[in-house]
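2 protein chains.
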Amino acid sequence: MSEMQLKSALDTLKTTGVRITPQRHAILEYLIESMSHPTADEIYKALEGKFPNMSVATVYNNLRVFRESELVKELTYGDSASRFDFVTNKHYHIICEGCGKIVDFHYPGLDEVEHFAAHVTGFKINSHRMEIYGTCPTCSEQATKS
Amino acid sequence: MSEMQLKSALDTLKTTGVRITPQRHAILEYLIESMSHPTADEIYKALEGKFPNMSVATVYNNLRVFRESELVKELTYGDSASRFDFVTNKHYHIICEGCGKIVDFHYPGLDEVEHFAAHVTGFKINSHRMEIYGTCPTCSEQATKS
DNA sequence: AAACTAATTATAACAATTATAAACTAATAA
DNA sequence: TTATTAGTTTATAATTGTTATAATTAGTTT
Numbered sequence: 001m002s003e004m005q006l007k008s009a010l011d012t013l014k015t016t017g018v019r020i021t022p023q024r025h026a027i028l029e030y031l032i033e034s035m036s037h038p039t040a041d042e043i044y045k046a047l048e049g050k051f052p053n054m055s056v057a058t059v060y061n062n063l064r065v066f067r068e069s070e071l072v073k074e075l076t077y078g079d080s081a082s083r084f085d086f087v088t089n090k091h092y093h094i095i096c097e098g099c100g101k102i103v104d105f106h107y108p109g110l111d112e113v114e115h116f117a118a119h120v121t122g123f124k125i126n127s128h129r130m131e132i133y134g135t136c137p138t139c140s141e142q143a144t145k146s
Numbered sequence: 001m002s003e004m005q006l007k008s009a010l011d012t013l014k015t016t017g018v019r020i021t022p023q024r025h026a027i028l029e030y031l032i033e034s035m036s037h038p039t040a041d042e043i044y045k046a047l048e049g050k051f052p053n054m055s056v057a058t059v060y061n062n063l064r065v066f067r068e069s070e071l072v073k074e075l076t077y078g079d080s081a082s083r084f085d086f087v088t089n090k091h092y093h094i095i096c097e098g099c100g101k102i103v104d105f106h107y108p109g110l111d112e113v114e115h116f117a118a119h120v121t122g123f124k125i126n127s128h129r130m131e132i133y134g135t136c137p138t139c140s141e142q143a144t145k146s
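Spelled out as structure tokens, the structure:
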């Protein structure tokens, strides 16, 4: 099924006239198959076996391309590096403050909050962002041990 | 009333054994009275009249101190600089993608989302963050004109 | 193949933030 | 009072994530 996701992502690129290079293919593949929310640097390191002289700029460039094609979302998490999330279906993130792990969870969109905000502020709404912070089971356990 | 906020903030610092320096006083005062969500640099520039040789590091240091005392919240907004929000009562932010303006709006806390997330992920919840992105009335107007 | 466009690379630049070390301040103790 | 100590500020250097630039390479179109 992840192959389907990759295929459909490549289709999206093709139809919008974006050239599919080996690097782009590999970055997309990694984003989908790793099932994680890697930073640009993690992607770079993960692929340096396959592409020994790929530049970091290539990773950043292509993540921007993917973001503009709405294939990935950029998550700015605190003061550290951005993380990139392959867009599948709508979901939110819960982030462990102990180890930084990000876990997806599904929840019906917060449309009523958007409407409320539009009403009281007069803004035209584009999107929203919501994240929950806490401690994952593993880190909770370690805390009780010590 | 903003004086009360300042007084209570200074009390919080005093009771936790944090020394109240003129710089800290001024930064807090600015955060409260400006009613905005300034970046570290904006604070720095706003106070360079009063403290001609204050260092940027001082601003950052003290914002960290305040954050650790839970007097301010750090808002990481996209790829640009962090903004700092004096914590009063619970509110959310709506951010204009045109001009970067941040407007507060009040909405009952999203407790049910937190509970749901805790249930499906097994995390212990600490907090959440929610922001809405859109276009403010001023920027909307300009867009229709052009 | 020639010409053109897009992508990659290597590297430099940049901006936000943090770390370091020296100088200074303020509170407390002798 | 002076000495001591810990905390703070300053100035500056270093770091980190990211973007810009220019040259090279690859791919596409005619």
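Sequence lines, in order, name chains A and B. Oh and the first sequence: position 102 is 102 in the UniProt record's numbering, straight run, nothing missing. Oh and the second sequence: position 23 is 23 in the UniProt record's numbering, straight run, nothing missing. Glycine included, each C-beta is placed from N, C-alpha and C at the ideal position. Values in this document were obtained by computation on a predicted structure and should not be read as measured data.
Own chain residues within Cβ distance below 7 angstroms of residue i, not counting five before or after
i: T69/B; result: Thr is not the amino acid found at residue 69/B; the sequence shown has Ser there. T12, L13, T16, V18.
i: D85/A; result: H37, V72, K73, L75
i: I43/A; result: I27, Y30, V59
i: A9/A; result: L28, L71
i: S140/A; result: none
i: L6/A; result: L28, E29, I32
i: G109/B; result: K90
Residue environment, residue i, which counts as buried when at least 16 other CB atoms sit within 10 Å
i: T39/B; result: buried
i: T135/A; result: buried
i: A117/A; result: buried
i: residue 169/A; result: The structure shown does not extend to residue 169/A, since chain A spans only 1 to 146, so no value can be given for it.
i: I20/A; result: exposed
i: N126/A; result: exposed
i: C96/A; result: buried
i: R64/B; result: exposed
DSSP state of residue i mapped onto helix, strand, coil
i: E74/A; result: strand
i: K50/B; result: coil
i: H37/A; result: coil
i: I132/B; result: strand
i: I32/A; result: helix
i: S8/A; result: helix
i: S2/B; result: helix
i: I20/B; result: coil
i: S127/B; result: strand
i: S55/A; result: coil
Whole-number beta carbon distance between residue j and residue i, since they are thought to touch under 8 angstroms
i: I94/A; j: F123/B; result: 5 angstroms
i: I132/B; j: H128/A; result: 4 angstroms
i: Y77/B; j: V113/A; result: The Cβ separation is near 18 angstroms, so there is no contact.
i: M130/B; j: M130/A; result: 4 angstroms
i: F105/A; j: T121/B; result: 6 angstroms
Sequence-distant residues of its chain with Cβ nearer than 8 angstroms to residue i (five each side left out)
i: E48/B; result: M54
i: K50/A; result: A26
i: S2/B; result: I32, E33
i: V56/B; result: A40, D41, Y44
i: P22/B; result: F51
Cut-off 6 angstroms between Cβ atoms - residues of its own chain near residue i, not counting five sequence neighbours on either side
i: A46/A; result: Y30
i: A81/B; result: T39
i: R24/A; result: N62
i: G98/A; result: T135, C139
message = As an exercise, report each continuous alpha helix (DSSP H) stretch of at least 4 residues that is fully enclosed by the region 65 to 120 of chain B, in chain order.
response = You should have found no qualifying run.
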